[in-house]
Amino acid sequence: MSLASEFIEALRRIEESGDVEPMARLFAPDAELSNPAISRPLHGPDGARNFWRSYRHAFGEVRSEFRCVAESDNASLLEWTSRGTLPSGAEFSYEGVSVIEHPAGAIARFKAYFDPRCLGLPLRHAA
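Just so you know, this note's numbering puts 133 at position 72 of the sequence shown, and the rest follows in order with no gaps.
This is the structure:
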């Protein structure tokens, strides 16, 4: 199974049951995770646990669909749309791209690109 496939399967588990462990196991000890909605990157499997728990708790229900998955030996690009409800019950839909660097088999860097304003979040500016 490719790393992108493992990532997508682990994300489905998070979205359906909140289980972050299969995802955390994909990350290297020194991995970096970031997106426009967090102020600074998180690191390693513990950072991955925190990142994905926060992701899941941001929604009442969420389901991601992947339109395009491109992979090389060192990286994967995932184009996605996520839909569901916020904890308030309001519906949402947003899209983006995730870049996953995995030069040694484990995820070394994960970065998601999306417009946080689509979720009612402020757009953060670099200091």
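Glycine is no exception: its CB is placed at the ideal position from the N, C-alpha and C atoms.
| task | Quick one: residues in its chain with C-beta nearer than 6 Å to the C-beta of residue 113, no 5 flanking neighbours on either side, listed in chain order? | result | 75, 81 and 84
| In terms of residues, what are the limits of the beta strand (DSSP E) holding residue 161? | 152-162
| query | Helix, strand or coil for residue 105 per DSSP? | reply | helix
| message | Please identify the residue among 72, 62 and 65 whose C-alpha is closest to the C-alpha of residue 124. | response | 72
| Which residue comes first and which comes last in the alpha helix (DSSP H) that contains residue 75? | 64-78
| field | Collapsed DSSP secondary structure at residue 112 in the structure displayed | value | helix
| Beta-bridge partners of residue 88, as assigned by DSSP | 168
| query | Taking three-plus beta-carbon pairs below 8 Å as touching, is the segment 159-166 in contact with the segment 119-137? | reply | yes
| field | Range covered by the beta strand (DSSP E) that runs through residue 145 | value | 136-146
| query | Which residues in the same chain have their Cβ closer than 6 Å to the Cβ of residue 95, if we skip the five residues on either side of it in sequence? | reply | 102 and 172
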